[in-house]
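Participant: Chains as they are written, first to last, in our numbering: chain A, 1 to 104; chain B, 1001 to 1104; chain C, 2001 to 2104. Where a beta carbon is used, it is the ideal one built from N, C-alpha and C, also for glycine.
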Amino acid sequence: MFHTATKITIIAERLLQDGIISIVEAAGAKGYTIVDGSGKGEHFVRPAERAAVVSAFSIIRIEVIVNDAEQARDIARDIAGRFFKQYSGIVYLSEIEVLRPERF
Amino acid sequence: MFHTATKITIIAERLLQDGIISIVEAAGAKGYTIVDGSGKGEHFVRPAERAAVVSAFSIIRIEVIVNDAEQARDIARDIAGRFFKQYSGIVYLSEIEVLRPERF
Amino acid sequence: MFHTATKITIIAERLLQDGIISIVEAAGAKGYTIVDGSGKGEHFVRPAERAAVVSAFSIIRIEVIVNDAEQARDIARDIAGRFFKQYSGIVYLSEIEVLRPERF
């Protein structure tokens, strides 16, 4: 039996990892996955750098799955509000199907 | 011309990689992508460890795309049934659009 | 407030990275994320190798988010047309929800 769930993906500078994970865990999410990457672009540039040349830099990509879409939106809003006004980064939501909702 | 397809994402401990890939290939999937990462949480803890402190550990994230949603669900059920009762890990499905269905 | 956007995911051999990023930037996308991985399968095999044993090899996974679904399809078509007739690789689209459409 498959059930609809919501995946939160956060792409951020590495220095934000612990702060983002704290929010994710405090919100009651039961797990997360982190992958290393690199990124470039306006949404990865701090305000002070906006006029300068955008250079590639190291990022992390965090995935979190929760059963409830509203809980996912709350977590996304919280992370964006807490970090992505001063720091570069993005958060987005995807609808997925999972097998065992009790794991999320 | 874009066509609807289904993406299967499997997040598992590295020791399961060969077993998971065997199921994916036996099911007739034409390709897969593997990315390394780390993970933490209830769905990554073996039953014997559930009472202990959850520590972060190395995982793999495997993506497989198939044209048929029912084939995707069969593969997901097979992987979960074979591995994710004893080992930690998750599998989820996403609807995507692809350009050349004959490649999947 | 969440808004619908489209994520383009490109999985390709590493040698295509600069060419793909050029198309993404020329199309007006404001950012991208790159993760390293490995891949195997028919859609990663060059035509000349199709009869041979398929071996795993290094790939990159690029994600790009744009607000407009038709812009996403144009970028995907352009990348597939330019690279994925001669080289192996795939491109697919996913519908997502984002918080600040002006960042994409």
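(1) With H, G and I counted as helix, E and B as strand and the rest as coil, what does DSSP make of residue 2037(C)?
(2) Can you give me the Cβ contacts of residue 2017(C) inside the same chain, cut-off strictly under 8 Å, excluding the 5 residues immediately before and after it?
(3) According to DSSP, is residue 15(A) part of a helix, a strand, or is it coil?
(4) Go ahead and pull the three-state DSSP assignment for residue 2058(C).
(5) With distances taken Cα to Cα, identify the nearest neighbour of residue 1091(B) among 64(A), 24(A), 28(A) and 37(A).
(6) Taking only the alpha-carbon atoms, compute the straight-line gap between residue 1097(B) and residue 2078(C) and give it to the nearest angstrom.
(7) Residue 97(A) versus chain B: which residues are under 7 Å apart at the beta carbon?
(8) Residue 1105(B) by DSSP, collapsed to three states: which one?
(9) So the alpha helix (DSSP H) residue 2076(C) belongs to, where does it begin and stop?
(10) Residue 2076(C) touches chain B at which residues, Cβ-Cβ below 7 Å?
(11) Between the segment 1025-1044 of chain B and chain C, which residues of the former have CB atoms less than 8 Å from a CB of the latter, in chain order?
(12) Please classify residue 2026(C): does DSSP put it in a helix, a strand, or coil?
(13) Is it true that the CB of residue 89(A) sits closer than 8 Å to the CB of residue 10(A)?
(14) Should residue 116(A) be labelled buried (16 or more other beta-carbon atoms within 10 Å of its own) or exposed?
(15) Give a yes or no on whether the C-beta atoms belonging to residue 75(A) and residue 27(A) are separated by under 8 Å.
(16) Output, in chain order, the set of chain A residues within a Cβ distance shorter than 9 Å of residue 2020(C).
(17) For residue 1065(B) and chain C, any beta-carbon pair shorter than 8 Å?
(18) So which of 2(A), 87(A) and 58(A) has the shortest CA-CA distance to residue 20(A)?
(19) Which whole-angstrom value is the C-beta distance of residue 2094(C) and residue 1094(B), which I expect to be below 8 Å?
(20) Tell me whether the beta-carbon of residue 67(A) lies closer than 8 Å to the beta-carbon of residue 5(A).
(21) At 9 Å on the CB atoms, spell out the chain A contacts of residue 1080(B), in chain order.
(22) Could you please give me the residues that DSSP links to residue 2102(C) through a beta bridge?
(23) To the nearest angstrom, how far is the alpha carbon of residue 72(A) from that of residue 85(A)?
(24) Find the residues of chain C that neighbour residue 11(A), judging by a C-beta separation of less than 7 Å, and give them in chain order.
(25) Cβ of residue 3(A) less than 8 Å from any chain B Cβ?
(26) Does the CB of residue 2023(C) have a neighbour CB from chain B at under 8 Å?
(27) Identify the contact partners of residue 2014(C) in chain B, using a Cβ-Cβ distance below 7 Å as the criterion.
(28) One question on the structure: do residue 2069(C) and residue 1099(B) come within less than 8 Å of each other, judged by their Cβ atoms?
(29) Label residue 1014(B) either buried or exposed according to how many other C-beta atoms from any shown protein chain fall within 10 Å of its C-beta, with 16 as the threshold for buried.
(30) Compare the beta carbon distance of residue 1039(B) and residue 31(A) with 8 Å and say whether it is the shorter of the two.
(31) In whole angstroms, give me the CA-to-CA distance for residue 1036(B) and residue 2036(C).
(32) Rounded to whole angstroms, what's the CA-CA distance from residue 1104(B) to residue 104(A)? Just pull it up for me.
Facilitator: According to the structure shown:
(1) strand
(2) 2034, 2060 and 2062
(3) helix
(4) strand
(5) 64(A)
(6) 15 Å
(7) 1092 and 1093
(8) Here chain B covers residues 1001 to 1104 and nothing more, so residue 1105(B) does not appear.
(9) 2069-2083
(10) 1099
(11) 1029, 1030, 1031, 1032, 1033, 1034, 1035 and 1036
(12) helix
(13) yes
(14) Since the first residue shown for chain A is 1 and the last is 104, residue 116(A) is missing from the structure and cannot be characterised.
(15) yes
(16) In chain order: nothing, as chain A lies at least about 13 Å away.
(17) yes
(18) 87(A)
(19) 6 Å
(20) yes
(21) 99 and 100
(22) Partner(s): none; residue 2102(C) has no beta bridge.
(23) 19 Å
(24) 2033
(25) no
(26) no
(27) Per Cβ cutoff of 7 Å: no residues; residue 2014(C) is ~13 Å from chain B at best.
(28) no
(29) exposed
(30) yes
(31) 8 Å
(32) 29 Å
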